[in-house]
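Undergrad: Residue numbers (this note's numbering): 68 to 685.
The structure follows.
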């Protein structure tokens with residue numbers, strides 16, 4: 068090989084190594100016309116999908132999700148709910164008891180590829196399609212599909228006539244092409260957990276009885292014909308008339324809609340580039356929704372400032388569903404709550420717009436990167452909205468500790484559908500995922516975490532990042548090596564437990580012996596409070612971090628030598644006698660999720676004596 072060619076290939080290799088954020092994405096362009104019959108809760112649809120294969124691979128098969136087929140007796144979702152030890156109370160055995168008129172289904176009437184009929188097989192919630200014509204790399208193909216479907220009674224996320232009387236929550240409702248990425252196809256059956264989809268554009272027309280108000284993903288294109296708060300014009304509709312609602316949603320990976328005859332529609336501006344739409348029934352709790360609206364707008368402002376700009380011009384908060392569930396440009400939430408509960412669920416689901424709807428991580432595989440990061444940001448936002456001075460992350464850290472103590476914890480690498488219990492999934496995904504970020508801030512410094520999260524959002528939006536992509540962002544931002552943290556806290560259930568083993572007078576100085584009891588190593592902030600009112604932080608980096616954080620949390624920080632992770636003990640010296648020491652605390656910020664706080668303090672904190680029956684509480 069000549070020298071010039073070698074230099075060119077080497078340069079290309081380096082470019083590829085540092086262009087990870089330019090990872091290719093498949094592309095989908097949907098056009099759908101749907102005619103909905105409110106008498107039967109059924110609809111017929113015509114779908115045109117223009118699919119662009121941006122991968123370097125040749126595809127011989129494609130797969131579609133048929134989510135509504137999960138709501139049938141004997142489905143995998145039904146069986147899983149009836150056999151798991153702690154079933155979701157919203158599901159339990161309800162699917163097994165559905166009658167034919169109550170089930171959900173999606174039936175394929177015809178499917179063509181570039182105008183030619185295809186062979187296909189429906190396997191539960193997946194449509195398996197064998198292609199007659201290969202999809203070559205960098206080519207565009209058209210799929211034409213006709214289908215009919217039935218909306219089930221409300222059980223999980225989608226359905227009709229939910230517990231609050233919302234007529235239709237129409238989510239996971241159309242044949243949706245499965246995602247193909249650098250890891251291959253993701254044609255997972257729908258068991259009831261999370262989702263993953265192709266970035267694309269949606270052009271959707273929904274025709275139904277004109278007495279229904281529709282809220283949806285995307286921007287309404289014919290507002291002057293619709294009315295219902297989408298325009299200032301007074302639009303009248305005749306009894307029995309049908310309306311066609313036309314929505315366009317650019318650069319999203321799903322489309323949801325809801326319909327109800329009693330929706331009230333409010334619009335609140337966040338700023339000149341973003342409107343929030345609210346759809347709710349005008350019942351006795353309407354005043355609570357009114358109180359929630361400005362707080363939701365403020366939440367978007369906080370998120371824009373702290374995590375990156377929400378890129379769309381609209382977001383809708385819609386009463387519906389079975390709790391709270393996020394979708395592109397919209398969420399379904401139940402509305403019969405007090406103000407605190409309503410704001411909490413609205414904020415949580417809205418924040419998914421950053422971590423799931425814009426970054427688009429495979430949340431089935433990495434649910435903690437969506438639910439956990441959303442929970443972390445939710446804690447921050449709610450703390451600002453309600454002016455709380457307590458640690459906003461403390462409750463989620465305690466939730467994680469309780470899971471560890473229960474013995475049910477499973478690694479964060481577990482697929483969302485495959486956790487042994489709903490409790491293990493929920494606390495791992497929501498709480499431990501939030502702890503992961505909070506604790507990362509302890510490792511690299513709060514300022515580096517904040518700037519890293521913005522960089523992560525801006526570099527990886529619309530690109531389906533994975534855990535390694537996040538790790539590389541944080542390593543570049545902090546200058547530290549972080550393999551060890553991802554490997555242990557994500558890939559295992561090893562726990563953190565450090566203790567102050569011994570404090571010994573050594574002449575005019577004091578030796579402090581720290582022991583690592585848990586299997587997972589961590590850097591340590593060890594804060595010494597002196598009797599004269601001063602404080603000093605003794606910072607112990609991990610050797611394998613290959614550096615140290617530069618956080619300015621304490622008035623004085625003394626940098627100690629690195630701790631090699633295999634050593635069970637570490638000794639350092641305070642340059643003052645023990646009689647000057649008032650207290651020594653490992654990580655008083657409690658960002659480190661040490662599972663046993665009782666051994667983190669010297670002198671040991673007094674234990675609270677048990678209260679006997681009949682003793683008065685003062």
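Every residue gets a Cβ at the ideal spot worked out from N, C-alpha and C, and that includes glycine.
Using 8 Å as the cut-off, can you tell me whether the segment 236 to 250 makes contact with the segment 290 to 298, which would need three or more C-beta pairs spanning the two stretches below that distance?
TA: no
Undergrad: Would you report the Cα separation of residue 316 and residue 214, rounded to the nearest angstrom?
TA: 21 Å
Undergrad: Between the Cα of residue 493 and those of 527, 512, 449 and 433, spot the shortest distance and give me the residue it belongs to.
TA: 433
Undergrad: Looking at the secondary structure, which residues open and close the beta strand (DSSP E) in which residue 604 lies?
TA: 602 to 607
Undergrad: Beta carbon of residue 534, beta carbon of residue 551: below 8 Å?
TA: no
Undergrad: Looking at C-alpha atoms only, which residue of 299, 447, 335 and 348 is the closest neighbour of residue 280?
TA: 348
Undergrad: What whole-angstrom Cβ distance do residue 618 and residue 458 have, given they're in contact under 8 Å?
TA: That belief does not hold up - the Cβ atoms of residue 618 and residue 458 are roughly 16 Å apart, past 8 Å.
Undergrad: Between which two residues does the beta strand (DSSP E) containing residue 105 stretch?
TA: Run containing residue 105: none; DSSP gives neither H nor E here.
Undergrad: Am I right that residue 162 and residue 139 are in contact with their C-beta atoms under 8 Å? What's the rounded C-beta distance?
TA: 7 Å
Undergrad: List the residues that DSSP assigns as beta-bridge partners of residue 309.
TA: Paired residues: 276.
Undergrad: If you follow the beta strand (DSSP E) that residue 583 is in, where does it begin and where does it stop?
TA: 576 to 583
Undergrad: On the DSSP bridge assignment, give the partners of residue 223 in chain order.
TA: 225
Undergrad: Please identify the residue among 220, 588 and 176 whose C-alpha is closest to the C-alpha of residue 559.
TA: 588
Undergrad: Residue 393 to residue 424, Cα distance in whole Å?
TA: 8 Å
Undergrad: For residue 601, count neighbouring C-beta atoms within 10 Å of its own C-beta (all shown protein chains included) and say buried if the count is 16 or more, exposed if not.
TA: exposed
Undergrad: Once DSSP output is grouped into helix, strand and coil, what is the label at residue 322?
TA: Residue state, collapsed to three classes: coil.
Undergrad: According to DSSP, residue 252 sits in a beta bridge with which residue or residues?
TA: 247
Undergrad: Find the nearest neighbour of residue 525 within the set 427, 206 and 282, judged by alpha-carbon distance.
TA: Nearest C-alpha to residue 525: 427.
Undergrad: With a threshold of 8 Å, are at least 3 pairs of Cβ atoms found where one atom belongs to the segment 407 to 420 and the other to the segment 363 to 374?
TA: yes
Undergrad: Is residue 392 helix, strand or coil by DSSP?
TA: strand
Undergrad: For the 8 Å Cβ check, are there 3 or more pairs between the segment 161 to 177 and the segment 498 to 510?
TA: no
Undergrad: Since residue 216 is in the beta strand (DSSP E), which residue starts that stretch and which ends it?
TA: 206 to 217
Undergrad: With a CB to CB cut of under 8 Å and the five nearest residues on each side skipped, what residues in its chain are close to residue 177?
TA: 184, 211, 212 and 213
Undergrad: Could you check whether residue 312 and residue 272 sit closer than 8 Å to each other, using their CB atoms as the reference points?
TA: yes
Undergrad: Counting beta carbon pairs with one atom in the segment 295 to 306 and one in the segment 247 to 258, are three or more of them shorter than 8 Å?
TA: no
Undergrad: Kindly list the residues whose CB is nearer than 6 Å to the CB of residue 610, restricted to its own chain and excluding five residues on each side of it in sequence; keep chain order.
TA: 629 and 631
Undergrad: I want to know whether the segment 397 to 405 touches the segment 472 to 488 - three or more CB-CB distances under 8 Å.
TA: Output reads no: the segment 472 to 488 does not touch the segment 397 to 405.
Undergrad: With a cut-off of 8 Å on the beta carbons, I'd call residue 194 and residue 170 a contact; round off their distance for me.
TA: Actually they are not in contact, since the Cβ atoms of residue 194 and residue 170 sit about 18 Å apart, beyond 8 Å.
Undergrad: Would you decide whether residue 453 is buried or exposed? Buried here means 16 or more other CB atoms lie within 10 Å of its CB.
TA: Answer is exposed; the Cβ neighbour count stays below 16.
Undergrad: Does the Cβ-Cβ distance between residue 591 and residue 565 come in under 8 Å?
TA: yes
Undergrad: Compare the beta carbon distance of residue 206 and residue 181 with 8 Å and say whether it is the shorter of the two.
TA: The criterion of a C-beta distance shorter than 8 Å is not satisfied by residue 206 and residue 181.
Undergrad: Report the option in 134, 595, 407 and 637 whose CA atom is closest to the CA atom of residue 448.
TA: 407
Undergrad: Just to check my reading of the structure: residue 389 and residue 221 have Cβ atoms closer than 8 Å, yes? What is that Cβ distance to the nearest angstrom?
TA: 6 Å
Undergrad: Is residue 639 helix, strand or coil when you go by DSSP?
TA: strand
Undergrad: Could you pull out every unbroken alpha helix (DSSP H) segment of at least 4 residues lying fully inside the segment 448 to 523, listed in chain order?
TA: 461 to 473, 489 to 493 and 500 to 511
Undergrad: Quick check: the segment 593 to 600 against the segment 643 to 651, are there 3 or more CB pairs under 8 Å?
TA: Under the Cβ criterion (8 Å, minimum of three pairs), the segment 593 to 600 counts as touching the segment 643 to 651.
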